[in-house]
Amino acid sequence: MVFLLLGLIALLVFMGALGAFSRAQVASIKQLLIWVAAIGGLLLSVLLLFTRGPAGLTVLLLLGPLLWSWVGEDWLRQRRSAARGGPAGRTVGGAMSRQEAYAVLGLAPGASDAEIRAAHRRLMRAAHPDSGGSDWLASRINQARDVLLG
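By full-length UniProt numbering, the letter at position 95 of the sequence shown is numbered 95, and the numbering carries on one by one without gaps.
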């Protein structure tokens, strides 16, 4: 009887998740996945308590890859970005030097305002987040333009 109730609860949660997913926005989908993981953890605890292992271990084996994809991908992404770092002497936030701004835009020191604007426009076509570019790179390009045209 307990397993029937647990199965019914799991089915209702799954149906609710599918319904919410079909009409949800990205932020609410993330919240939903957190709730599903929390309820899955609760069900895992109940199974471990009542069955003393085998069914709970099965659920853990099924949920393990899902949890690893959430935790592991973020961890790997952070490790890769930390390993890549950037060129030596780069400021990590805050003020950008004029020399660094010229380097970001790929210009020689002393470039004219028109050359700076043209380089900014050219780089932003590829680096803009709306065209699949990086937020970080787009902000650095904008910062370089602002420093030089300042």
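The beta-carbon is built from N, C-alpha and C at its ideal position, and this holds for glycine as well. All figures in this text were calculated on a predicted structure; none of them were measured in a lab.
Just how far apart, CA to CA, sit residue i and residue j?
i           : j    : result
R90         : H128 : Residue confidence is low: R90 scores 46 on pLDDT, short of 50, so the model does not pin down where it sits. Its coordinate-derived value is still stated next. Straight-line Cα distance between these residues: approximately 21 Å.
F3          : S22  : 28 Å
G86         : R80  : For G86, the predicted model reports a pLDDT of 45, less than 50, meaning its position is unreliable; a value from the coordinates is still stated below. If you take the alpha carbons of G86 and R80, they lie about 12 Å apart.
M124        : L49  : 56 Å
I141        : K30  : 30 Å
T51         : S28  : 34 Å
L8          : F14  : 10 Å
residue 229 : R122 : It is not possible to answer for residue 229, since the shown part of the chain is limited to 1 through 150.
P65         : S139 : 35 Å
Less than 8 Å between the beta carbons of residue i and residue j, yes or no?
i    : j    : result
A101 : V46  : no
L137 : A119 : no
L32  : A17  : yes
L44  : L67  : no
Return the Cβ separation of residue i and residue j in integer angstroms, given the expectation that the two are a contact with Cβ distance under 8 Å.
i   : j    : result
M96 : A126 : Contact flag wrong, Cβ pair sits at about 20 Å.
Worksheet entry | Minimum length 3: unbroken beta strand (DSSP E) runs contained in the region 35 to 61 | none
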